[in-house]
Amino acid sequence: MRITALAGGVGGAKLAHGLAQILPPEDLTIIVNTGDDFEHLGLYICPDLDTVCYTLAGLANPQTGWGRANETWNAMANLKRLGAPDWFNLGDSDLATHIERTRRLKEGQTLSQITRDFCKAWGVKHTVLPMSDQPVRTIVETEEGDLPFQEYFVHRKCEPRVKGFRFEGADVAEPAPGTREALQSAEAVVICPSNPWVSIDPILRVLSLTLSPLRPPSPLPLGEGKGGWGEGVRVAVSPIIGGQTVKGPAAKMFSELGIEPSALAVAKHYGALLTGFVMDETDAQLREEVRGLNMRVLVTNTLMQSLDDRMQLASEVVNFIREAI
Ligand code: GDP
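In this text, residue positions in the sequence shown follow our numbering: the first is 707, and each later residue adds one.
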């Protein structure tokens, strides 16, 4: 079964990794958010893309979920001593990725070419695509003014109250080569348990999918826009469990935007885009309300603490999709 997954960083990477364990390379494409990308210390950094690739390659730090395992921090310590900005941690092995990517971009290679080469070098067999080769920048609109995403997320530790989001460049950015084909040929699109506001929405925007809250539950927006989604099953896995995030600011963002954070809120957020929704057994009581949004529902354990959890959730998602086809 051919699946195209949409993913941000840590949460998305975990399910993508599970799917990669059970699907052959030709059956899984992962389209990754690049709205978090930024330039720092003269380097072009793609946090979500790197998290997904490191995770699939088995190179990710198992404690943090981002960065590299067995990392050393000599460059960072020396940069700090020289007075360089030190709010964004870059390990020595990770730095090699950013240095080489920056060099290749300056030479004129595209982000998708570079990602393909890096995946090959790291032994990642499934296809990982950035959502676009052109820059898209997520801006967090806060009560303290507009902040570029990493400034909000890392430097300001998500403290400023959120008022909204902008994805600069998203309306003119072309979907990266291969994304359109991956969406059209997939039997199912899986929206991984990533932050809906800042990890998935930028991808949906670049692929020209209307963001949902105000849309009626049907008809489904099929085959429209730059991305041209084929007809098929579209399933999201909730990143919110028991009203809370496993990690990161998604729940805080829902609250600050006046929406009670819950799996139901996530399902409503994607709305008519979805034909199915996967949520945690902690949230079983919301099942009927989510069904009422005109989508099929799978209730299961969605907390991925081990490789087994990732594979278990991935195979349940695949079975859920099979039942729907
Ligand atoms: P980031 O860019 O690294 O913040 O990555 P993502 O947007 O992909 O991931 C953040 C989201 O993943 C948060 O909303 C978390 O609640 C969610 N998440 C992380 N781990 C898990 C997990 O094991 N299960 C589920 N269901 N969600 C998770």
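All residues carry an ideal CB built from backbone N, CA and C; glycine is no exception.
Quantities reported herein were computed from a predicted structural model and do not represent experimental measurements.
Does the region 866-880 come close enough to the region 770-781 to have 3 or more Cβ pairs within less than 8 Å? Counting Cβ pairs under 8 Å, fewer than three are found: no touch.
Considering only C-alpha positions, which residue in the set Cys864, Gly741 and Val912 is nearest to Thr885? Walking along the sequence shown from the start, residue 885 turns up at place 179. Looking at Cys864, Gly741 and Val912, the one whose alpha-carbon comes closest to that of Thr885 is Val912.
Through-space distance from Tyr976 to Phe855, alpha-carbon basis: Sequence index remark: in the sequence shown, residue 855 carries index 149 (1-based). Sequence index remark: in the sequence shown, residue 976 carries index 270 (1-based). Their backbone Cα atoms lie some 21 Å apart in a straight line.
Across which residues does DSSP place Val868 in a beta bridge pair? Position 162 of the sequence shown holds residue 868. Answer by DSSP bridge pairing, in chain order: Thr848.
Could you name the residues that DSSP lists as bridge partners for Ala969? As a working note, residue 969 is residue 263 in the sequence shown. According to DSSP, Ala969 bridges with nothing at all.
Got a sec, what are the start and stop residues for the alpha helix (DSSP H) Leu1019 sits in? Against the sequence shown, residue 1019 aligns to sequence position 313. From DSSP, the alpha helix (DSSP H) with Leu1019 extends over Leu1013 to Ala1030.
So the candidates are Lys953, Ser818 and Arg993; which of them puts its Cα closest to the Cα of Lys974? Taking the sequence shown and counting its residues from 1, one reaches residue 974 at position 268. Nearest option by C-alpha distance: Arg993.
Which listed residue (Pro881, Glu887 and Ala894) has its alpha carbon closest to that of Ser914: Position 208 of the sequence shown, counted from the first residue, corresponds to residue 914. Nearest option by C-alpha distance: Pro881.
Thr735 versus Ala1020 - alpha carbon distance: Here residue 735 corresponds to residue number 29 of the sequence shown, with the count starting at 1. Here residue 1020 corresponds to residue number 314 of the sequence shown, with the count starting at 1. Taking the straight line joining both Cα atoms gives about 14 Å.
If I follow the unbroken beta strand (DSSP E) through Phe744, where does it start and stop? Taking the first residue of the sequence shown as 1, we reach residue 744 at position 38. Looking at the DSSP string, the run of the beta strand (DSSP E) that includes Phe744 is Phe744 to His746.
Under 9 Å between the Cβ atoms of Gly938 and Arg843? In the sequence shown, residue 938 corresponds to position 232, counting from 1. In the sequence shown, residue 843 corresponds to position 137, counting from 1. Not a contact, by the Cβ cut-off of 9 Å.
Tell me which residues share the same chain as Arg862 and place their Cβ nearer than 7 Å to its Cβ, disregarding the 5 neighbours each side in the sequence. The residue given as residue 862 occupies position 156 in the sequence shown. Within the same chain, Arg862 has close Cβ partners Leu853.
Would you say Val868 and Met959 are within 9 Å of each other, going by their C-beta atoms? The count along the sequence shown starts at 1 and reaches residue 868 at position 162. The count along the sequence shown starts at 1 and reaches residue 959 at position 253. Yes, they are a contact pair.
My understanding is that Val896 touches Ala719, with C-beta atoms under 8 Å, so please give their C-beta distance in whole angstroms. In the sequence shown, the residue the question calls residue 896 occupies position 190. In the sequence shown, the residue the question calls residue 719 occupies position 13. About 13 Å separates the beta carbon of Val896 from that of Ala719, a gap too long to meet the 8 Å contact definition.
Just the C-alpha distance for Ala978 and Asn780, rounded to the nearest angstrom, thanks. Position 272 of the sequence shown, counting from 1, holds the residue named residue 978. Position 74 of the sequence shown, counting from 1, holds the residue named residue 780. Straight-line Cα distance between these residues: approximately 49 Å.
Can you confirm whether the region 742-754 touches the region 801-821 when touching is taken to mean that 3 or more C-beta pairs between the two stretches lie within less than 8 Å? Between the region 801-821 and the region 742-754 there are three or more C-beta pairs closer than 8 Å, enough to call the two in contact.
Please list, in chain order, all residues of the same chain as Ile965 whose beta carbon is under 6 Å from its beta carbon, the five residues on each side excluded. Taking the first residue of the sequence shown as position 1, residue 965 is located at position 259. The beta carbon of Ile965 sits closer than 6 Å to those of Ala971, all from its chain and outside the five residues before and after it, given in chain order.
Would Met1010 be called buried (16 or more neighbouring beta carbons within 10 Å of its own) or exposed? Along the sequence shown, one-based indexing puts residue 1010 at 304. Around the Cβ of Met1010, a 10 Å sphere holds 16 or more other Cβ atoms; the residue is buried.
Compute the minimum distance between the beta carbon of Gly948 and the heavy atoms of the ligand GDP, and state whether it is under 8 Å. As a working mapping, residue 948 is identified with position 242 in the sequence shown. No, the ligand GDP has no heavy atom inside 8 Å of this Cβ.
With a cut-off of 8 Å, do at least 3 Cβ pairs link the region 785-793 to the region 721-738? Cβ pair count under 8 Å is below three, so no.
Can you check which of these residues, Ser799, Phe824 and Val1024, is closest to Arg810 by C-alpha distance? By 1-based counting over the sequence shown, the position of residue 810 is 104. Nearest Cα to Arg810 within the set Ser799, Phe824 and Val1024: Phe824.
Between the alpha carbons of Glu850 and Met837, how many angstroms are there, rounded? Taking the first residue of the sequence shown as 1, we reach residue 850 at position 144. Taking the first residue of the sequence shown as 1, we reach residue 837 at position 131. Glu850 and Met837 have their C-alpha atoms roughly 29 Å apart.
Residue range of the beta strand (DSSP E) that includes Gly982: On the sequence shown, position 276 is the one that residue 982 refers to. Unbroken beta strand (DSSP E) run through Gly982: Gly982 to Asp986.
Should Asn1025 go down as buried or exposed, given a rule of 16 or more other Cβ atoms within 10 Å for buried? Numbered from 1 along the sequence shown, position 319 holds the residue referred to as residue 1025. With fewer than 16 Cβ atoms within 10 Å of its Cβ, Asn1025 is classed as exposed.
Go ahead and pull the three-state DSSP assignment for Leu835. Along the sequence shown, read from residue 1 onward, the residue named residue 835 stands at position 129. In this structure, Leu835 counts as strand in the three-state DSSP scheme.
Please identify the residue among Pro908, Ala969, Gly948 and Leu980 whose C-alpha is closest to the C-alpha of Val941. Start at 1 with the first residue of the sequence shown, and residue 941 comes out as number 235. The residue with the shortest Cα to Cα distance from Val941 is Leu980.
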